[in-house]
Amino acid sequence: GVRKRPSMYIGSTGKDGLHHLVYEVVDNSVDEALAGFCKKIKVTINKNGSVTVEDDGRGIPVEPHPVLKIPAVEVALTKLHAGGKFDKKTYLISGGLHGVGVSVVNALSEKLVVEVKRDGKVYVQEYSKGITKTKLKEIGKAEGTGTTITFWPDEEIFSTTIFDYKVLETRFRELVFLNPGLKIFLIDEEKDKKEEFYSAGGLIEFVKWLNRTKEALHKPIYFKKEVDHSVIEAAIQYNTTYQENIFGFVNTINTVEGGTHVSGFKTALTRVINDYAKNKNLLKNESLMGDDVREGLTVVLSLKMQEPQFEGQTKTKLGNSEMKGFVDSAVTQALAEFFEENPAVAKKITSKVAAKKKVVKKDVEKLEAQDTKLKLRIKLKAYDHKIIDNSARQIIDIANRYGAEVLGPVPLPTEILKYTVNRSSFVHKNAREQFEMRVHKRLIDILNPNQEIIESLRDLNLPSGVDITIKI
Ligand code: 0RA
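With the numbering used here applied, the sequence shown covers 2 to 473.
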C-alpha cells in the first residue's frame with residue numbers, strides 16, 4: 002500500500018518527502034526522550050547515501066509478538082500502524098506531519114538496518130522495501146541500551162535521494178527549542194559538517210533566536226497554560242521593525258498555514274492591546290487593527306493537543322475549531338495579566354504599534370511624488386524551503402491582480418526573486434497606489450507566518466525603487 006501511494010503517507014516523493022523519512026525516524030526517538038528514557042539522538046548523513054538515526058533509549062522491544070509470533074521490532078518495522086507506542090491515540094507528543102511511523106520509512110527504503118541494544122545484547126535485522134530480509138540476529142554483547150536505524154531511500158520512489166544538511170538543521174533546531182533539554186547531534190560525513198542542537202530555555206530562546214538580528218523592544222514574554230488535555234505555550238517579543246513573525250506549532254509540527262490556534266492568538270493580542278491602550282488613555286477614539294498590533298511582533302506559539310486535525314494544501318493548518326476560543330482566552334488572560342504587572346513593557350509595545358500608523362501615511366505621500374519604475378528586488382531566504390515557491394507565486398499574483406506588468410525575469414524556484422513593476426502599466430493611478438501599499442503591507446500576510454521582511458516600509462523613500470529582503 003505505502004509503495005503504491007507514498008504521498009499519502011509522507012506528503013510527497015520530492016525533497017520534502019525524502020526529509021520526512023528522517024523526521025519520522027527521529028520522532029520515535031524524540032518520543033522516547035520525552036518519555037524520559039533517552040538522552041541524546043545522533044543523526045548522520047553517511048557517505049553511502051544512507052541516514053543513520055541513533056538513540057540511547059530503551060531499545061525497541063525484541064520479544065515475540067503474542068499473536069504474530071515475530072519480534073516486536075519486526076512488527077514495528079513491517080506493519081502499518083502497529084500497536085502500542087506506535088498507536089497515535091495512546092502515544093503522541095512529537096508526532097510527524099503524518100505520524101505514520103517507521104514502517105513507512107522501511108517500505109520506502111531500498112534497504113533498512115535496525116540495531117537494538119537491550120538486556121545486554123545487540124540485535125540486528127535487515128529489510129528491503131519493507132520486506133524482511135534477515136531474521137533478527139543476536140550479534141554480541143551490549144553496553145547500555147538504544148536503537149539505531151540506518152536507511153537507504155529508494156531511488157525508484159524519490160525524485161531525489163540526496164539529503165540536505167540545511168533542511169535537517171532547520172528542523173532539529175526547531176525540535177530542540179520545542180523540547181527543551183533534548184539533545185540532537187547532526188553529522189554530515191559527506192560535507193564533513195557537524196552540529197549539536199540543544200536548548201535549555203525552550204520557546205524563550207526560540208523567540209530570541211528569531212530576533213537575533215534585530216533590536217528587541219523588551220525581554221520575551223512567556224506563558225504556559227493547561228486546559229483539559231491541551232497545553233498552550235507562547236513566547237512573544239517585539240522588535241523595532243514593522244515585520245510580523247508568527248510561528249505556530251501543534252505537537253511540534255510547524256503549522257506553516259496557520260489555523261485556529263493562530264487565529265485565536267491574533268484575536269487575543271488585538272483585544273488586549275486595544276483594551277490596555279484605551280484604559281491608559283494611550284489611544285483616543287481610534288482603535289488599532291490586527292495588522293497594526295502585529296508590526297514588529299515575533300511569536301512562537303506551541304500547542305500540544307490530542308487528535309489535531311490538519312488541513313490545507315500542505316496539511317499544515319490546524320482545523321480544530323475549539324482551539325480558537327481556547328487559545329484566545331488563554332492568551333487574553335495571560336497577556337492582560339502580564340501587561341498589568343509589567344506596565345513599562347506594555348507601554349513600550351503600545352506606543353510602538355500606535356506610532357506606526359503615522360509612518361505609513363507619510364510613506365504613501367512620498368510614493369505619490371515619485372514617478373519612475375518601481376523596482377522590487379525581493380530576496381527570499383529560506384527558513385523553510387517548501388514555501389519559497391509558493392510565496393514567490395503569490396507575490397506575482399498580487400502584482401497581476403493589480404494590473405501590474407511583471408517584467409521578470411523570475412527564476413523559480415529560487416532564493417532570490419527580482420522583478421520590476423512598470424508604473425505606467427497601471428490603468429488607474431489608484432490601482433498603482435493600492436498595489437504599492439499592498440505589496441509592502443500585505444506581503445506580511447501572504448508570507449505569514451514564516452517571513453521576516455528585513456527592510457522596512459521606510460525604504461520606499463528610495464527614489465529609484467524599493468529593495469526588500471524577506472527571510473522565510
Ligand atoms: C515500544 C516500547 C518501548 C520502547 C520503544 C517502543 C522504542 C521505540 C523506538 C524507536 C526509536 N527509538 C525507540 N526507542 C524505544 C518500551 C519497551 C520497554 O518497556 O522497555
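Yeah, the Cβ is synthetic: ideal placement off N, Cα and C, and Gly gets one too.
Please read all numbers here as calculations on a predicted model, not as lab measurements.
Going by the CB atoms, is the gap between H219 and V346 shorter than 7 Å?
-> Residue 346 sits at position 345 when you count from the first residue of the sequence shown. Residue 219 sits at position 218 when you count from the first residue of the sequence shown. Yes, these two residues count as a Cβ contact at 7 Å.
To which residues of the same chain is V177 closer than 7 Å at the C-beta, ignoring the five residues directly before and after it?
-> Numbered from its first residue, the sequence shown carries residue 177 at position 176. Contacts found: L183, I185, F198, Y199, S200.
When the Cα of G37 is compared with those of I46, V63, F159, G58, which residue comes out closest?
-> Indexing the sequence shown from 1 puts residue 37 at position 36. Relative to G37, the option among I46, V63, F159, G58 whose CA is nearest is G58.
Over the uninterrupted beta strand (DSSP E) stretch that includes F173, give me the two end residues.
-> On the sequence shown, position 172 is the one that residue 173 refers to. Note, F173: premise wrong, no beta strand (DSSP E); alpha helix (DSSP H) at 166-179.
Start and end residues, beta strand (DSSP E) containing F152 | As a working mapping, residue 152 is identified with position 151 in the sequence shown. Looking at the DSSP string, the run of the beta strand (DSSP E) that includes F152 is 147-154.
DSSP three-state assignment for V257, whether helix, strand or coil | Along the sequence shown, one-based indexing puts residue 257 at 256. The three-state secondary structure of V257, taken from DSSP, is coil.
For T242, which of helix, strand or coil comes out of DSSP?
-> In the sequence shown, residue 242 corresponds to position 241, counting from 1. Note: T242 maps to coil in three-state DSSP.
So is the beta-carbon of T151 under 6 Å away from any non-hydrogen atom of the ligand 0RA?
-> Sequence index remark: in the sequence shown, residue 151 carries index 150 (1-based). No, the ligand 0RA has no heavy atom inside 6 Å of this Cβ.
Identified DSSP bridge partners for E197 = If you number the sequence shown from 1, residue 197 lands on position 196. Paired residue(s): F186.
Do the segment 7-18 and the segment 68-79 touch if we need at least three Cβ pairs shorter than 8 Å?
-> Result no; under three Cβ-Cβ pairs closer than 8 Å.
Does the Cβ of T1 lie closer than 6 Å to at least one heavy atom of the ligand 0RA?
-> Absent from the model: residue 1. The displayed extent of the chain is 2 to 473, so no value can be given.
Which first and last residues belong to the beta strand (DSSP E) in which G141 is found?
-> For the purposes of this step, residue 141 is taken as residue 140 along the sequence shown, with counting starting at 1. Unbroken beta strand (DSSP E) run through G141: 138-142.
State the Cα-Cα distance for the pair I388 and Q310, rounded to the nearest angstrom.
-> Walking along the sequence shown from the start, residue 388 turns up at place 387. Walking along the sequence shown from the start, residue 310 turns up at place 309. Any reading at I388 is ruled out, since the residue's pLDDT is 48, under 50, leaving its predicted position unreliable.
Run the proximity test for N29: is its beta-carbon closer than 6 Å to any non-hydrogen atom belonging to the ligand 0RA?
-> Reading the sequence shown from its first residue, position 28 is the one you call residue 29. Yes - the ligand 0RA has a heavy atom lying nearer than 6 Å to the Cβ of N29.
Could you pull out every unbroken beta strand (DSSP E) segment of at least 3 residues lying fully inside the segment 244-329, listed in chain order?
-> Taking only runs of at least 3 residues, the beta strand (DSSP E) segments lying wholly in the segment 244-329 are 246-251, 298-305.
With DSSP as the reference, label V26 as helix, strand or coil.
-> The count along the sequence shown starts at 1 and reaches residue 26 at position 25. The answer is helix: DSSP assigns V26 an H, G or I state.
Sort out for me which residues DSSP pairs P72 with in a bridge.
-> Here residue 72 corresponds to residue number 71 of the sequence shown, with the count starting at 1. BP columns for P72 point to P65.
Boundaries of the beta strand (DSSP E) in which E127 is found, first to last residue = On the sequence shown, residue 127 is found 126 positions in, with the first residue counted as 1. Per DSSP, E127 belongs to the beta strand (DSSP E) from 122-129.
Could you check if T256 is buried or exposed, using at least 16 other CB atoms within 10 Å of its CB as the buried criterion?
-> Along the sequence shown, one-based indexing puts residue 256 at 255. Classification of T256: buried, given that the 10 Å Cβ count is 16 or more.
Take H66 and list the residues in its own chain whose beta-carbon comes closer than 6 Å to its own, dropping the five residues that flank it on each side.
-> Residue mapping note: residue 66 aligns to position 65 of the sequence shown, counting from 1. Only residues of its own chain outside the window of five on either side were considered, and among them A73, V76 have a CB closer than 6 Å to the CB of H66, listed in chain order.
Write down the C-beta distance between V251 and T333 rounded to the nearest angstrom, noting that I regard them as a contact closer than 8 Å.
-> Taking the sequence shown and counting its residues from 1, one reaches residue 251 at position 250. Taking the sequence shown and counting its residues from 1, one reaches residue 333 at position 332. The C-beta distance from V251 to T333 rounds to 20 Å, too long to meet the 8 Å contact threshold.
What's the C-alpha gap between G147 and K130?
-> What you label residue 147 is simply residue 146 of the sequence shown in a count that begins at 1. What you label residue 130 is simply residue 129 of the sequence shown in a count that begins at 1. Our two residues, G147 and K130, have alpha carbons roughly 24 Å apart in a direct line.
Please report how far the alpha carbon of R6 lies from the alpha carbon of F159, in whole angstroms.
-> Translated into the one-based positions of the sequence shown, residue 6 becomes position 5. Translated into the one-based positions of the sequence shown, residue 159 becomes position 158. Distance from the CA atom of R6 to the CA atom of F159, rounded to whole angstroms, is 12 Å.
If Y239 and G297 are in contact, beta carbons under 8 Å, what's the gap, nearest whole angstrom?
-> Stepping through the sequence shown from its first residue, residue 239 is reached at position 238. Stepping through the sequence shown from its first residue, residue 297 is reached at position 296. With a Cβ gap of about 5 Å, Y239 and G297 count as contacting.
Counted within 10 angstroms of its Cβ, other Cβ atoms place I132 as buried (16 or more) or exposed | Along the sequence shown, read from residue 1 onward, the residue named residue 132 stands at position 131. I132 is exposed by the Cβ-count criterion.
Please say whether T151 and S51 have beta carbons closer to each other than 7 Å?
-> Reading the sequence shown from its first residue, position 50 is the one you call residue 51. Reading the sequence shown from its first residue, position 150 is the one you call residue 151. T151 is positioned such that its CB atom lies closer than 7 Å to that of S51.
How would you call L69, buried or exposed, if buried means at least 16 neighbouring beta carbons within 10 angstroms?
-> Start at 1 with the first residue of the sequence shown, and residue 69 comes out as number 68. Around the beta carbon of L69, fewer than 16 other beta carbons lie within 10 angstroms, which makes this residue exposed.
Applying the criterion that 16 or more other CB atoms from any shown protein chain within 10 Å of the CB defines a buried residue, is I42 buried or exposed?
-> Numbered from 1 along the sequence shown, position 41 holds the residue referred to as residue 42. That one is buried.
Could you say which of Y10, E245, K353 lies nearest to E25 if we only look at CA atoms?
-> The residue you call residue 25 lines up with position 24 of the sequence shown. Cα-wise, what sits closest to E25 is Y10.
Assigned exposure category for L381 - 16 Cβ within 10 Å defines buried = On the sequence shown, residue 381 is found 380 positions in, with the first residue counted as 1. Residue placement at L381 cannot be trusted, given a pLDDT of 45 that sits under 50; what the coordinates show is reported in the next sentence. Buried, since its Cβ has 16 or more Cβ neighbours within 10 Å.
A331 in three-state terms, based on DSSP | As a position in the sequence shown, residue 331 is number 330, starting the count at 1. Correct three-state label for A331: helix.
Sort V105, P221, S110, G141 by Cα distance to E116 and report the nearest one.
-> Counting from one through the sequence shown, the residue named residue 116 turns up at place 115. Ranking the options by Cα distance to E116, first place goes to G141.
Extent of the continuous alpha helix (DSSP H) to which K209 belongs | Here the question's residue 209 lines up with position 208 in the sequence shown. DSSP places K209 in the uninterrupted alpha helix (DSSP H) bounded by 204-211.
Leaving out five residues on either side along the sequence, give the residues of the same chain with a beta carbon under 7 Å from the beta carbon of E216.
-> For the purposes of this step, residue 216 is taken as residue 215 along the sequence shown, with counting starting at 1. Once the five neighbours on either side are set aside, the close Cβ partners of E216 are N240, T241.
Rounded to whole angstroms, what's the CA-CA distance from G60 to G203? Just pull it up for me.
-> On the sequence shown, position 59 is the one that residue 60 refers to. On the sequence shown, position 202 is the one that residue 203 refers to. Across the structure, G60 and G203 are spaced so that their CA atoms are roughly 27 Å apart.
Under a Cβ-count criterion, where at least 16 other Cβ atoms within 10 Å of its own Cβ denotes burial, should E453 be classed as buried or exposed?
-> On the sequence shown, position 452 is the one that residue 453 refers to. With a pLDDT of 34 at E453, under the threshold of 50, the modelled position of this residue cannot be trusted, and the question is left open.
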